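Okay, structure first, notes after.
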Amino acid sequence: MRVMKDPAEVGEYVGMLRRNRITCGFVPTMGALHAGHAALIERSVQENDRTVVSVYVNPLQFGAGEDLATYPRTLDADVALCAELHADVVFAPSVKAMQPPGRVTVVTVRGVSDDFEGAQRAGHFDGVATIVARLFNVVRPDRAYFGQKDYQQTVVVRRMVADLAFPLDVVVCPIVRDPDGLALSSRNRYLSPEERVVALRLPRALESAEMLVLAGECDGAAIRAHMAAKLTPADSSDAPDSADAVERDGIDADVEYAEIVDPMTLTPIERLTGHAVLLAVLRVGTTRLLDNRIVAPPGTPAWER
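Here this note's numbering runs 26 ahead of the position in the sequence shown, where the first position is 1.
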């Protein structure tokens with residue numbers, strides 16, 4: 027396996043692949059790789075002749091006061107994991123390589139980037155779309171792999187790929203969870219043991235809301251209210267003895283949003299008639315946790331994602 031830092035070197039490598047009709051899968055990451063990233067890499071290795079993994083902590087997608095300076099950077103361990111998983115190239119460019127001096131172009135994907143994460147983190151999706159577009163132009167993959175955990179990001183990227191006619195397929199892979207149900211994230215390492223107990227409210231609230239839908243509830247307002255109740259410290263039904271006790275000891279847990287939306291447009295759903303996505307963010311202490319779950323009423327045909 028090779029580590030490349032120069033976009034021109036990656037371009038030469040991919041050009042060789044294309045001349046020889048060798049397919050290329052691409053997994054863009056910000057490093058600090060975990061089992062969720064490993065699942066993406068494994069999927070790419072299975073479905074393509076070669077796999078490129080990028081490791082780039084993108085300053086453009088961090089807002090003021092966010093954790094850019096402290097975001098975990100573990101390149102040596104990331105390279106070792108990529109080699110173990112049989113990736114072929116790790117692309118680890120510098121900020122200067124990805125943001126050349128004089129750069130003025132910004133990619134904005136209107137509509138699907140406006141609410142939720144877009145509203146909470148001004149400029150975040152412009153930063154994501156701009157750098158992902160540059161990565162796509164450098165790597166020129168046949169397929170690019172993203173995790174469902176950042177659901178809104180996958181919608182933004184798919185919209186950008188369609189609108190700008192990038193010649194690639196965007197593959198969205200299922201969320202990978204720890205045994206306790208918490209969705210894997212590089213930021214989970216920020217949680218103290220006590221905060222992690224409180225964080226489990228997030229997957230449990232989404233699971234409970236899914237059970238409500240499967241029991242026949244189709245009213246959007248009722249589903250939202252159910253999620254919000256399960257996420258608040260006053261509701262102890264899904265975490266007896268532990269989470270409430272921890273929060274009484276001073277752990278802050280704030281619900282930023284809990285919504286049910288259309289899976290393609292991200293518009294809020296008032297009446298559930300087909301597939302929808304439950305989106306929620308819980309801030310535990312200083313750690314902001316995202317999660318989601320795809321739901322549908324009983325009898326709904328399978329959704330081709």
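Using N, Cα and C, we set each Cβ at its ideal position, and we do this for glycine too. Quick caveat, the model's predicted, so the values are computed rather than measured.
For residue i, which residues of its own chain have a beta-carbon under 6 Å away from its beta-carbon, when the five flanking residues on both sides are left out?
i: H112; result: V71
i: T180; result: F172 and V198
i: V135; result: A155, V182, R185 and M186
i: W329; result: H301
i: R319; result: L232, E236 and L304
i: F192; result: F162
i: H252; result: A235 and L238
For residue i, which beta-bridge partners are listed by DSSP?
i: G51; result: T77 and R169
i: I320; result: V303
i: L315; result: L308
i: E285; result: L305
i: A279; result: V310
i: M42; result: DSSP lists no partner for M42.
i: M290; result: Paired residue(s): none; M290 is not in a bridge.
i: R297; result: D245
i: V29; result: V116
In its own chain, which residues sit with a C-beta less than 7 Å from the C-beta of residue i, not counting the 5 before and 5 after it?
i: S139; result: F151 and V182
i: L240; result: P324
i: R254; result: A quick correction: the sequence has Ala, not Arg, at residue 254. Result list for A254: V281 and A284, in chain order.
i: R147; result: G89
i: T100; result: G57 and A58
i: E68; result: L111
Drop a sphere of 10 angstroms on the beta-carbon of residue i, count the other beta-carbons inside from all chains shown, and report buried for 16 or more, exposed for fewer.
i: S80; result: buried
i: V132; result: exposed
i: E296; result: exposed
i: S211; result: buried
i: E357; result: Outside the modelled stretch of the chain, which goes from 27 to 331, sits residue 357, for which no answer is possible.
i: A188; result: exposed
i: R250; result: buried
i: L306; result: Before going on, a small fix: residue 306 reads as Ala here, not Leu. Classification for A306: buried.
i: K256; result: buried
i: D278; result: exposed
i: P167; result: buried
i: N74; result: buried
i: T312; result: exposed
i: G91; result: exposed
i: R45; result: exposed
i: A225; result: buried
i: A58; result: buried
i: E221; result: buried
i: P327; result: exposed
i: R314; result: buried
i: T12; result: With the chain represented from 27 up to 331, any question about residue 12 goes unanswered, as that position is not in the structure.
i: R76; result: buried
i: D206; result: exposed
i: R215; result: exposed
i: L190; result: exposed
i: D209; result: Here residue 209 is Ala; the residue named in the question, Asp, does not match the sequence. Buried: at least 16 other Cβ atoms inside 10 Å.
Going along the chain, which residues of its own chain have a beta-carbon closer than 8 Å to the beta-carbon of residue i, five neighbours each way excluded?
i: L94; result: V83, P85 and F88
i: K31; result: F117, A118, P119, S120 and A123
i: V36; result: M30, V78, V115, F117, V164 and V165
i: S218; result: G311
At least one CB of chain B closer than 8 Å to the CB of residue i: is that the case?
i: K122; result: Any reference to chain B falls outside this structure, which holds one protein chain only.
With a threshold of 7 Å (Cβ to nearest heavy atom), would residue i be considered close to the ligand ATP?
i: V187; result: For the structure depicted, the ligand ATP is absent and the ligand set is empty, with no information on it obtainable.
Sequence ranges, beta strand (DSSP E) only - wholly within the stretch 54-126, length at least 3: 76-81 and 115-117
The stretch 149-168 contacting the stretch 74-94, beta-carbon criterion three pairs below 8 Å: yes
Unbroken stretches of the beta strand (DSSP E), 3 residues or longer, contained in the stretch 191-259: 195-199
Inter-stretch contact at 8 Å, needing at least 3 Cβ pairs: the stretch 115-131 / the stretch 60-74: no
Three or more C-beta pairs below 8 Å linking the stretch 95-115 and the stretch 227-237: no
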